[in-house]
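Peer 1: Dumping the structure here so I can ask a few things about it.
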Amino acid sequence: MNDATLITPVPEAAAEVLPAVPAEAAAPAHAEPHGEYLFGRPMPIAAYTVIYVILAVTSLIEVFFAETIPFDSWVRIPVLAGLSTVKAVLVMAYYMHLKDDSKIFAVAIILPICVGIIATLFLISVPATGY
Amino acid sequence: MSEARLDMPVADSHAADHGHGSHSHAENLKFGMWLFLGSEVIIFTVLIAAYLVFAVAHRDLVKEIHEQVGILLVSGNTFILITSSWTMVMGLRELQRGNIRGLRRWISATALLGMLFFAIQMVEYRQLAAIGVTLTSEFGAHFYAPTMLHGAHVIAGVIWALFVVRQAGRNRYSATKTIGVEVFGLYWHFVDVIWIFIFTCIYLL
């Protein structure tokens, strides 16, 4: 422990004359989630808004794809599943702050998702007549 | 006990003994919410898996119903829910900047969009009932279970959002006290994530 951590708390009288900490500085680490930076690039608008636009465009692509590709085409499942996974990851990483928060939070949600996916794939692979 | 602890006021020292104060408390609350959401994943996965198993075995029936109803309404609902997630994070952003009025405005918009989503879902259910897709039909039983459970989560989220707006009006939140809004945000975004998968697995595939 260094000397700085051993400093006693500021007396109340002294605290009154100290300048107030700006709200942004006092907020938690992810207060300005990614500054106004996203994917390492500066953003002219809020990063949250950029993510929203990506989500909306991805949804539009999904709907367009579902409406134009034949119902029985094999490409429907991998493309639509891939697009929805991208959307879910964006929401969890940026809107739910998984990207910046403790990794244990990610484990708490990814573990049941993996169990669910494996169980679902197993159930679908079982023939209607059983093995 | 360290020198620093001897210098602390009694309340701070007590907080430190119990695990590092309000930051730790906030992290615990968030972890509790993530564990709850993990359990919710299992519930929704079971219902979506049951639908997918049914859909694989009855491709023609599913195709026929999709063609009759279309995806216009449900696509609109998807955009509404994505927009509500955006309004939610913008509300949190305003709170972190110390703007309580901004928080109330954005969270109110979130609640409004949630209500709109549920209203459109009811319109869709009426259309389905008109073509014979009811709770007692084979398709209906598999379709309504996940979508109705999701609708119930939206309603719970709307009530929670209105509660957050009320609490904000009573100055219960500030730029340094955001955990109440953050935990609600986790729930609301999770409802959005679940819808993303329901939309793809039940309406598009």
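Sequences listed follow chains A and B, in order. So that you can map any letter, position 1 of the first sequence is 1 in the numbering used here, and since no number is skipped, the others follow by simple counting. Just add 131 to wherever you are in the second sequence, counting from 1, and you've got the numbering used here. We put the beta carbon where it would ideally sit given N, CA and C, even for glycine. What you are looking at is a predicted structure, and each value in this text was computed from that prediction instead of being measured.
1) Please determine, among THR120(A), ILE109(A), ALA119(A), MET92(A), the residue with the shortest C-alpha to C-alpha distance to SER170(B).
2) So that I know if they touch, is there some Cβ in chain A lying closer than 7 Å to that of HIS281(B)?
3) What residues in its chain sit with their C-beta under 7 Å from that of LYS99(A), if we drop five residues either side in the sequence?
4) Please give the ranges of any alpha helix (DSSP H) in the stretch 238-281 of chain B, keeping only runs that are unbroken, at least 4 residues long and fully inside the region.
5) Can a CB atom of chain A be found closer than 7 Å to the CB of ALA180(B)?
6) What whole-angstrom Cβ distance do LEU55(A) and LEU90(A) have, given they're in contact under 8 Å?
7) Specify, as a first and last residue, the run of the alpha helix (DSSP H) that PRO78(A) falls within.
8) Which bits of chain B does SER59(A) rub up against, with CB to CB less than 9 Å?
9) Could you give the distance in angstroms between the alpha-carbon of HIS156(B) and the alpha-carbon of SER102(A)?
10) Whole-angstrom Cβ separation of PHE71(A) and LYS161(B), contact assumed at under 8 Å?
11) Helix, strand or coil: how does DSSP classify LYS161(B) here?
12) For SER239(B), collect the residues of the same chain with a Cβ closer than 7 Å to its Cβ; drop the 5 residues on either side in sequence, then sort them by chain order.
13) What would DSSP say about LYS308(B), mapped onto helix, strand or coil?
14) Given the structure, does ARG297(B) come close to the ligand MN, in the sense that its CB is under 6 Å from one of the ligand's heavy atoms?
15) Quick one: what's got a C-beta closer than 8 Å to GLY311(B)'s C-beta in the same chain, skipping five residues either side?
16) Could you give the residue range of the alpha helix (DSSP H) that holds LYS103(A)?
17) Where does PHE71(A) fall in DSSP's three states?
18) DSSP three-state call for GLU24(A): helix, strand or coil?
19) Quick one: residues in its chain with C-beta nearer than 8 Å to the C-beta of PRO33(A), no 5 flanking neighbours on either side, listed in chain order?
20) Roughly how many angstroms separate the alpha carbons of ILE117(A) and ILE179(B), rounded to a whole number?
21) Taking MET219(B) as part of the alpha helix (DSSP H), name the residues at either end of that continuous run.
22) So with Cβ pairs under 7 Å, would you call LYS99(A) a contact of chain B?
23) Do the stretch 262-270 of chain B and the stretch 218-232 of chain B touch if we need at least three Cβ pairs shorter than 8 Å?
24) Less than 7 Å between the C-beta atoms of ILE124(A) and VAL184(B), yes or no?
25) Run through chain B and tell me which residues come within less than 9 Å of SER84(A), C-beta to C-beta.
26) Using C-beta distances below 6 Å, list every residue in its chain close to ILE51(A), excluding the 5 sequence neighbours before and after it, in chain order.
27) LYS99(A) by DSSP, collapsed to three states: which one?
28) Distance, Cα to Cα, PRO127(A) vs VAL187(B)?
29) Taking the beta carbon of THR214(B) as the centre, do at least 16 other beta carbons fall within 10 Å, making it buried, or is it exposed?
30) Which residues of chain B have a Cβ atom closer than 8 Å to the Cβ of ALA93(A), listed in chain order?
31) Please go through the same chain and pick out, in chain order, the residues whose beta-carbon is closer than 6 Å to the beta-carbon of THR331(B), but skip the five residues on each side of it.
32) Could you check the C-alpha separation between LEU280(B) and ILE325(B) for me, to the nearest Å?
33) Once the 5 residues before and after THR58(A) are set aside, which same chain residues still bring their CB inside 7 Å of it?
34) So VAL79(A) and ILE202(B) are in contact, right, with Cβ under 8 Å, and what is the actual spacing, rounded?
35) Using the Cα positions of THR265(B) and LEU259(B), report the straight-line distance between them to the nearest angstrom.
Peer 2: So, from the data block:
1) It is ILE109(A) whose Cα lies nearest to the Cα of SER170(B).
2) The Cβ of HIS281(B) sits no closer than 7 Å to any Cβ of chain A.
3) For LYS99(A), where only same-chain residues beyond five positions count, the Cβ hits under 7 Å are ALA93.
4) The qualifying runs do not exist here; there are none.
5) Yes, because at least one Cβ of chain A sits closer than 7 Å to the Cβ of ALA180(B).
6) Contact holds; Cβ gap of about 6 Å.
7) Start and end: 76-90.
8) Those within 9 Å of SER59(A) in chain B are SER206, THR209, PHE210, ILE213, ILE327, PHE330.
9) If I take the Cα positions, the gap works out to 14 Å.
10) The beta-carbon separation of PHE71(A) and LYS161(B), rounded to 42 Å, does not stay under the 8 Å limit for a contact.
11) Collapsing the DSSP output to three states places LYS161(B) in a helix.
12) Closer than 7 Å at the Cβ level, and outside the excluded window around SER239(B), lie VAL296.
13) If DSSP states are grouped into helix, strand and coil, LYS308(B) belongs with the strands.
14) Among the components modelled here there is no ligand, and therefore nothing to report on the ligand MN.
15) Take GLY311(B), set aside five residues on each side of it, and the residues of its chain with a beta-carbon closer than 8 Å to its own are VAL295, GLN298, ARG303, TYR304, in chain order.
16) Element bounds for LYS103(A): 103-125.
17) In the structure shown, PHE71(A) adopts coil according to DSSP, grouped into three states.
18) Any reading at GLU24(A) needs caution, since the residue's pLDDT is 42, under 50, leaving its predicted position unreliable; the model's value is listed next. DSSP places GLU24(A) in helix when its eight states are reduced to three.
19) The pLDDT assigned to PRO33(A) is 47, lower than 50, so where the model puts this residue is not dependable; a value taken from the coordinates is nonetheless given after this. Listed in chain order, the non-local C-beta contacts of PRO33(A) below 8 Å within the same chain comprise ALA47, TYR48, TYR94, HIS97, ASP100, local neighbours out to five positions each way being set aside.
20) Distance from the CA of ILE117(A) to the CA of ILE179(B), rounded to the nearest whole angstrom, comes to 10 Å.
21) That run of the alpha helix (DSSP H) goes 203-227.
22) Not one chain B Cβ lies under 7 Å of LYS99(A).
23) The stretch 262-270 of chain B, when compared against the stretch 218-232 of chain B, does not touch it at the 8 Å Cβ threshold.
24) Annotated as proximal: ILE124(A) and VAL184(B), with beta-carbon spacing under 7 Å.
25) Neighbours of SER84(A) on chain B, chain order: ILE327, PHE328, PHE330, THR331, CYS332, LEU335.
26) The beta carbon of ILE51(A) sits closer than 6 Å to those of LEU90, TYR94, all from its chain and outside the five residues before and after it, given in chain order.
27) If DSSP states are grouped into helix, strand and coil, LYS99(A) belongs with coil.
28) Their Cα atoms are separated by approximately 10 Å.
29) Counting C-beta atoms within 10 angstroms of its own C-beta, THR214(B) has 16 or more neighbours from the protein chains shown and is therefore classed as buried.
30) Chain B residues near ALA93(A): none, gap ~11 Å exceeds 8 Å.
31) Excluding sequence neighbours, THR331(B) sits near nothing in its chain.
32) Looking at the two C-alpha atoms, the distance is approximately 11 Å.
33) The residues LEU83, VAL86, LYS87, in chain order, have a CB closer than 7 Å to that of THR58(A) in the same chain once the five nearest residues on each side in sequence are set aside.
34) Taking the Cβ atoms as the reference, VAL79(A) lies roughly 16 Å from ILE202(B), outside the contact range of under 8 Å.
35) Distance between the alpha carbons of THR265(B) and LEU259(B): 7 Å.
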